[in-house]
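Working notes for the structure below.
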Amino acid sequence: MISVFRDLIRYNIEFTIGLVLVGLVVAFAALSFISPVDPSLIYLAVPDQPPSAQHWFGTNSRGQDLFWQLSAAFRNSLIFGLTVAVLSRIISITVGLAAGYLGGWVDRVLMFINDIFVSVPIFPILVLFYFVLRSDLDTFTLALIMACLGWPFDARLIRSVARGLKHREFTRHAVFAGMSTRKVLLEEHLPYVMPIVFATFMNNMLWSMALEVTLAVLGFTNLNHPTMGTVLYWSNQHSAIVVGVWWWVVIPVVLIVITFLGLFLLAMSMNEYIDPRSRLRRMGV
Amino acid sequence: MHRRSFLLAGTAAGVLTLAAKGLAFAQEAEGSAPDLAEFPRKETLIIHNPEGVIRNPGWFNNWVVGAGNALSNGLHQLTTDTFWLIDPDAGLEGASENAIYNSLADGLWEYNEDFTEMTVKLKPGIYWSDGVEFTADDVVFTVEKHKATPGLSQNGAYNAQVETVEAVDPYTVHFTLKGPNSRFHTLFSVRWTGAWIMPKHVFENVEDILSFPNDPPVSLGPYTLHSYDPNGTWYIWQRRDDWERTALGMIGEPKPRFIIYRNNISPDNRLIEMRNGNLDMVHDLSPEATFSIIQQDPQIQGWFPGFPYAHPDPTLVMAIFNLQKPLFEDKRVRWALALMLDARAMSMASYRGAATLSAISVPPTGTHPRDFHGPLQDFLINYELDTGSRTIKPYDPDVGLQIAEMVRGQFPDAPTDETAVRNAFGYGWWKQDLQAAEELLTSAGFSKQGNQWMMPDGQPFRFSVMVPTDGVVNRLGAIIAQTWAQNGIGAQVEAASDTWDRQRVGNYDVNISWAVETWGGHPDLSFFLDSYHSEYIKPLGESQPDRNWMRWEDPRLDELIEKIRASDFNDPVGIEYGHEFVKLHLEEMPNIPIMAYNVFSVQSNRYWTGWPNIDRPYANPVTNWSNGRYIFTQITPVEGA
Amino acid sequence: MTRDILKVDGLKAYYQMNYFGVNREVRAVDDITMTVRRGEVYGIAGESSSGKTSFIKVLAAAVRPPLRVVDGSVRFGFSTGPIDVVRASPRELEAIRWMSLSYVMQGSMSVLNPVRRIGKTFRDFAQRPLGLSGRAFEERVVEHLARLKLPADVLRAYPHELSGGMRQRVTIGLATVCHPEFIIADEPTTALDVVVQKEVLSLIREIQREMDSSVVFVTHDMSVHANIADRVGIIYAGRLVEEGPTRQMFFAPKHPYTAHLVASLPRIGDTTQRPALDGRPPNLADPPRGCRFHPRCPLAIDKCREQSPPLETVAADHRTACWRWREVTPLVGAISPVGVPA
Amino acid sequence: MRAYLLFAGKRFLQLLAVIFCGISATFLVTHLSPIDPVEQVLGRLSARSNLSPDAIAATRAALTELYGTNQPILQQYFNFWARLLRGDLGPSLLAFPTPSMDLVARALPWTLGLLATSTLFTFIVGNLMGALAGYRPDNPFFRAFGLLSIAIQPIPYYVVAFILLIIFGYYLPILPTNGGFGMDVRPGWTPQFIVSLLQHAILPAASLVLVGFGGWFLGMRALVSNIINDDYVTYAELAGVDRRTVVGSYVIRNAMLPQLTALAMTLGGVFSGTIITEEVFNYPGMGSLLIDAVNYGDYSLVLAVATVSITAVAGAIFIVDLLYPLLDPRIRAE
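Protein chains in written order, with the working numbering: chain A, 28 to 312; chain B, 4 to 644; chain C, 1012 to 1353; chain D, -4 to 329.
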C-alpha cells in the first residue's frame, strides 16, 4: 500500500493535487481543536462583518466568526464522512470477499440483496427516516443509516476482485496449507483489495458528505451541529446572498468544492492505478 | 451502434410521451392562465402568499377540514364572509367600533341574559356572485350541514355549542345554545378561518360535500375567481361588477380590479421580485432582508416608518415551561430563569433589535398597549419580588430605550420620541439580575457545584429548549438557552421541525413558542384565556387543546375565567379582568413572556399607496391570516406609475 | 521488377516516452537492414522483448506512439508500385492495406471484435479493398473460407462461439482473403495445440504458394521456423544479429546466440544437458556498449565489449554480426564446452 | 433466445422483490412514525381559528373516524396493499381529500421529463465526447474538457444547483429560477408555453447535466483509451477499416457495455439528484412534493412518493438490464 502511494505521488499529478487539497482541508478542520470560540454559541462577534484581519472569513448574521465556524463545520463533516465510510467499508468488504470467495449460493443471495440496495433511490429513503425520527435523527444515527445504504456498489467491486484472486496460485496454497477461510480472506486477499477499498473509501466519503450537505440544507439534520450543510442552511435562513453577506455563502461553497475535488482526485487516480493498463501508460513501458 | 441509439430513442420517446400526458393532465386542470398584458399594473394588486406550492389548486371548498394548503390564496379574503370581523389592529374609523366590523351582520350580537341564546340581524341587499340573494337560510343551512357532516371545519364547534338554529325571517337568525356561552359570537368573528357561510343554493345539491371542489367558487365577497395556476403557484381574482352588493363593498370600494396572489416564492425571491415591482405586498422577510430592501428602495415601507419596521402580531412569544414536569414545579425556579435572561441580548439575537418586548402575558400590539401596558406600567415599576433573602424590584422600564440607543448606530431612523420608542421596542422588561436569580434558586433548594446548578435531589439541573428549525423564534431560543447555559443551567437548545405536535402532547421541557394570542384590536382576552381553564388540562402524552401548552392549573385562574365567561364581550370590566390575569400570571410565571411575534411584512408604494402603518393602524398588513381585506378599500393607485 | 519485395534499410524505431520530466528512450529497433524476396517465407526469431514485434509493427506500418521511427526506410515493391511505409501518407497506406500488405496479428483470441459477427468483420476488413458488393463479396468470402476448411456459417457466428483453432483460421482468412502480395504473421501459431499448429502452418504455406505472396513469419519457436521458413533472421536486443537460409541457420549457425536458440530445440533421442543461456536480454533503454550480446556470450572478448560488430556476409545469403563468428560451432551434440578463450 | 427469456425472468423476479421489499419497508417506517395525521390537521385548523377546546375534541373524534387511523397496523398494511394494487394510496392529508396518487401523477411527469432528458443527454453526449476524448487523447479541446469535468463532477448536486441559483437568480437574472413555466402562459402545446417550459427547465437540467456529464465523460474516456489498445481495434485500423466503423462498431460499441451497467447502477442516485435539484429550483416535481409531504407530516403522500419513486427507479433499472444482453452477445449465450 505504501509503495502504491509512492508510485502515485511520483507518477500521478492528480493524486498529488488531490492529496494537497484534502491535506489543506484536513489541516483547516484540525484547527478547530484549538478554536478559541465555541462554534455552537451565537452573537459573540459583531454580525455581518466582511472578511478582515480580525475575522479572516468575516462573521455571519448569527454573530459567529466564520473562520472558526467553518473549521468546526468541516471537522464535523469530515468525521461524518469517515464514520460512514468506515462502517460501510466493513459491510462491503465482508460481503464482497465472502461473496467473491465462497461463491455459490452465498454469492447469489448476497448479490441479490446487493441488487435490491442498488436499485433503491437513497435520498427519499433518508428523508423518510428523517420524517420518522425527526429530532432523534442525530448525526451518528444518520451516519449509521447511510452506512447501511452505502455499501453495495463497493461490495460488488470487491467481489469481482476477490473472484479473480480465488483462482490465483497463492489462494490454493493457502487452502491446501489448511488456512481457515477467514484467515485466507484477511491475510491473503485483503491486501490485494486494499487499493480498491481506498478508492471506494474516498468515493463513499464524497457520497455521504454530499448527501449530508443536501439534507442539512433542507433542514433535515441536527441544525445545532455545525457541518458544511448546516452552515449553508443558516446562510439561507438569513438570506445571506441577497442581503450582501456573500462571504457567508461563497467561502463555504469554495471550501466544499475544494474538499470534494480533492477526495475525487484521490479516488480517481487510485482507480486508475488499480487498472494496470492505464497505470502502465502513465509510467511508460 | 444504431441498435443502441434506437433503443435509447425508444425509452426517450416513452418518457417524453409520459411527460406530455402529465402536461395534458395539467392542462385539463383548467389553466386559463393570465396574459399579464391583460392586467394593467394600476388596476392590479400583486400579493405574496407565504404558502408553498398549492398541491390541489383546483380546490375551493374551504369548509372541509385540512382541505389543501390553499389557505391564503385570496379565497377567504375575497370570496367568503361571516357575521363579524375583529381587527387585530385598530380597525377603520367609522366602519368599525372597538375594532369590530359588522360584516354580514347588521349590528352586534344579541344574547339573552344568561347567554343561552344569540340573535343576529343580517344586512339586506347582499348577493352571491351568481345573483342569488344572501339570506338567513344560508346561515341555517351552513350550521345544520356542519352539524351533520364530520370533516367540515366547524362540525365540532357547532355540535358542541349549538342546540338549534332557525331563520326567524330572511334577515334574522336565532341560535339556541347547549349551555351559557358569552363568547359564542367569536366563532363568527374572523381571525383567519371563521365560520364562513355556505351558499345554500349551491351546496344543498351536492352529494358528498367532503369531495366537492367548489370550482369556481360562488363568491359572497367583492371578487370572483379569474384564473389560477394548475401547478398551484398563483391565483387571480377579478372584482365583481356588483361589488356594492357585498358586505365589504358597503364599507368601501375595493380599488384593484384584479388581485393576484402569488405563492411558493423563496425568501430571497420575494426580495428580488418586490424590488422588480412584481409584488406590492410581501407577507414576511427575514430581518436582514427587510433592512437591506428598505435601504435599496425608498418606496418600500414597513409598519414603523423607521427601524424596527416590523409589525407586532397579536401573538406573544414566550419561554413556555412544561409545568407537569417536576423540573419547573417551583415558581421561584421559573422566576430565577426569567431574571437570568438579558432582554437586550434576546432582542438583538432574534430581531437584530427590532423586537417589541412585553413583560406581561399580553402582546404589546394592536390596542393592548392602550389597555394594558400603559395602565400597568406603574404597577410593574413597583412590582416587588421576594428572592428568599431580600425583596427586589425586577422591572426595568427603560430597556426599550436602551435598545433603541444600541441600534441607532446602525439604524439612524430608529425613533427617538419616548412613546414612539415604547410602542416600537416595548414598555420594559426584567433587568438581568443574576444575583437575584441565584438567591431564588438557592431558596428553592438548588445548590451550585462549580458552574453547574444542582436540583434539590442532587441531580444536575438540565433540560432542553425546544425551538423551530428557522425564523426569529429559533434565534431567540438559541440565545435563551445560551444565556442559561452560561449561568450554570444545563440548557440545551433543540431545533425541531415538529414543535407544534410536541407542544401539543407536552413532549418538551421548555418550548419557545406562544401560548397567548389575542384579538389584537379588542381588549377581550377570552381568545386564549378561555382554554386555560383547568377542565381542559390533559396529562402529558395526551393532546392538549390550544393554547394552555404549559398546562398551567390554578383555581384562581379558573375563577377568573368563569367571571369572564359570565360577562359580556364588550363589557369594560373585561379590561379589569385582564389586569387581574396579568397580575396572577406574574405571581406564578408559568411562562416567560418575552416579545410580540413581529412580522417583517413590507409593502411597496410603487404602484399602490395608502397602506396601514403605526400612524394609521387600520389593519394588519400580513397577507394570510389578518383581515387584510379592508386594506383593498383604502389603497389607491399611484398616479403616473 | 526486382526479386526483392521488401527492402529495410538502417531502420531505427524507438519508444520515446516523457512522463512528467522522466525521459526514457527504448531502442526497440536499432539499425536493422534486411530484405525479403518475392514468394519467400522469411522467419524472424528472437526472445520476447527482443524488439521483433516492434520491428514488424514498423513493417506493417502499425507504428503508434510512443513507438516512433527515428531513421531508415521500409520500401515495398508492390505490383501496384513501390512505397516506403515509413514515409507514406495515410491515404497511400490505405491504398495498400489488405490489398497488398496484410497482417496476421498475435493472439487470435483478442484480434476479433467480441461483439461483432465474423461476417461483419470480414465486410469491415475486405469489402473496400476487394471492391466487391454484396452477393459477389459473399461468395468470395465463403469460397475463401472453404479453402481454410471453415463452414460458411461461421460468418453468422460471434468470436466467442468458435474454437481457438477456428478463430485462428478465421484471422488468417481475414488476412489472406484479398490475396495480398505480402503477409506479416506475428506468432500465428502460439497458444495453439500442436495438432492445430501443424494445420495452421501448412495452411499458411498453401495459401502463400497459391497466391505466390511473400510472408514474414515471426515466432520465438525455432521449430516452427524449421517447418515453414525459407530464410530466418535472428533479432537480439533490437538488432538483426544473423540471417540466412533455414538449413544453414540450424546446422551452421554463425552467431553464438543463434547457436543457443537452435540448441534449445528438443531433439528425439537426445538426452544431453545443454548449458542454458544465463542472464536476461539487455534493457533496451541503455543497451551495453559493443556487441549487445556480450554480457551473455560465452565467446565474448574485450573487442566485443568495445565495438559492436557489423553484419558481414559469411556465406551465400548468410550474414552475421559477431566478431568471433568463426569460433561459433553448433552446440548440438557437443561433448565438451567449446569456445573457451585460449 | 431461451437463455434471454430465462435471464429476463430472473431479472423480473428481482424487480418484484425490490418493489415489494422497498414498499413494505417504506410502509413500516412511515407507520412507526409518531406523527398522527389527525393531530396534524387539527393543529393547522385550531392554529388558524379560535375553536373552543370542546369543539377541538369533537373535531378530533370525527376525523379519527374519517381517516381510519384507529385500525391496527397489520390491518392498515393489508388495506394498503389492497388499495395500492388499485393504484389508490388514500387521500393526501395536506391536500385533503385529493388522492395522493393524483398529486404524484401530477408531479411525476415533471420529474421524469427532467430526469429522462437530462440523463439521456448526459449519457449520450457524455459518452460520445468521452469516446472521442479517449480516441484523441492529445486533442487540446478534449483535454480541457476532461479537466473541466474532473473539476465539476465531484461537486454535490445541491451545491451545483445552488451555485447556478445564485448566479442566475441574483447576479445575472436572465433565466427563470422558479417553477415549471411562467405565469403568463397557458399550458398547452402553444409555442409560448413550450418556450416558457424549456426556459424554466434550463437551470434544473443544467445542474443535473453539469454533475452527471463528468462521470460518463471520464468513465468513457478511460474505457476507450484502454480499448483503443485492444488488439481488435489496432487490427481493424491496420486493416484500414473505415474510421467511423472503427470508432462506432469497435471502440464505442465495446465501451458501451460497462457504461450501460453503470447507468443501471447510478439511476437511483440520479433520481435522488433530480428531486434535490427540483427542491432548489421549486420545480413542480416529485422532489418538492416529497419535501412538502414531510413538512406537513402527510404520511400517505410520503408513502405515495416513496412507492412511486422506488417502483419507477427499479423499473428503469430493469429496462436497462434487459437492454444489456441485446448489446453483449456473450451474455446472451450464457
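For every residue, glycine included, the Cβ atom is placed at its ideal position computed from N, Cα and C. Note that the structure is a prediction, hence the values are computed from the model and not measured.
How would you call D/G63, buried or exposed, if buried means at least 16 neighbouring beta carbons within 10 angstroms?
exposed
Identify the contact partners of C/P1125 in chain D, using a Cβ-Cβ distance below 9 Å as the criterion.
Y227, N249, D323, P324 and R325
With 16 as the cutoff for other CB atoms within 10 Å, does D/L8 come out buried or exposed?
exposed
Would you call A/V281 buried or exposed, if buried means 16 or more other Cβ atoms sit within 10 Å of its Cβ?
exposed
Give me the Cα-Cα distance between D/I223 and A/P66, rounded to the nearest whole angstrom.
54 Å
So the candidates are B/A339, B/D571, B/Y174 and B/E100; which of them puts its Cα closest to the Cα of B/T390?
B/A339
Under 9 Å from the C-beta of D/S244: neighbouring residues of chain C
N1124, V1126, R1127, K1131 and D1135
Extent of the continuous alpha helix (DSSP H) to which B/R411 belongs
V402 to R411
Counting C-beta neighbours from all protein chains within 10 Å, is the total for B/Q435 16 or more, i.e. buried, or is it exposed?
buried
When we look at the beta-carbon of C/S1213 and count the other beta-carbons within 10 Å, is it buried (16 or more) or exposed?
exposed
Is it a yes or a no for the region 604 to 612 of chain B touching the region 278 to 296 of chain B, going by three-plus beta-carbon pairs under 8 Å?
yes
Going along the region 188 to 201 of chain D in order, which residues come within less than 8 Å of chain A, judged by CB to CB distance?
none
Any C-beta of chain D sitting closer than 9 Å to the C-beta of A/M295?
yes
Exposed or buried, which one is C/T1324 when buried takes at least 16 other CB atoms within 10 Å?
exposed
CB D/T272 to CB D/A156, shorter than 9 Å?
yes
From B/D399, B/P400 and B/V424, pick the residue whose C-alpha is nearest to that of B/R411; which is it?
B/V424
Give me the subset of the region 60 to 76 of chain A whose CB atoms are less than 7 Å from a CB atom of chain B, sorted by chain position.
L68, I69 and Y70
Specify, as a first and last residue, the run of the alpha helix (DSSP H) that A/S262 falls within.
M255 to Q264
Between the C-alpha atoms of C/P1352 and C/A1073, what's the straight-line distance to the nearest angstrom?
The predicted position of C/P1352 is uncertain, since its pLDDT is 32 and thus under 50; a value taken from the coordinates is nonetheless stated next. Those two C-alpha atoms are separated by around 44 Å.
Taking the alpha-carbon of C/I1195 as reference, which of C/S1319, C/D1041 and C/F1087 has the nearest alpha-carbon?
C/F1087
A/N103, enclosing alpha helix (DSSP H) - first and last residue
L93 to L129
Interface residues of chain D around C/E1198 at Cβ under 9 Å?
Going along chain D, no residue has its Cβ under 9 Å from C/E1198, so there is no contact; the nearest lies around 12 Å.
Rounded C-alpha distance that separates C/P1125 from D/I150:
37 Å
Would you grab the beta carbon distance between D/M281 and D/L79 for me? Rounded to a whole angstrom, and I think it's under 8 Å.
17 Å between Cβ atoms; not a contact.
For B/S132 and B/F187, I'd like the C-alpha separation in whole angstroms.
29 Å
Examine chain C for any beta-carbon lying closer than 9 Å to the beta-carbon of D/T112, and answer yes or no.
no
Three-pair Cβ contact test at 8 Å for the region 155 to 165 of chain A versus the region 13 to 25 of chain D:
yes
Continuous alpha helix (DSSP H) assignments of at least 4 residues falling wholly in the region 265 to 342 of chain B
270 to 278 and 290 to 299
Figure out for me which residue from B/N272, B/D345 and B/G581 has the closest Cα to the Cα of B/P378.
B/G581
Taking Cβ positions only, does D/F313 come closer than 9 Å to chain C?
no
Using a Cβ-Cβ cutoff of less than 7 Å, which residues in the same chain neighbour C/E1217 once the five nearest sequence positions on both sides are dropped?
none
Integer Cβ distance of D/A128 from D/F212, believed to fall under 8 Å:
7 Å
For D/R101 versus B/G69, is the C-beta spacing smaller than 9 Å?
no
Proximity to C/L1295 [Cα-Cα], best of C/P1321, C/P1320 and C/R1250
C/R1250
Reducing DSSP to helix, strand and coil, say where B/F261 ends up.
strand
What does D/V236 touch in chain C if you count any residue whose Cβ is under 7 Å from its own?
D1135 and F1136
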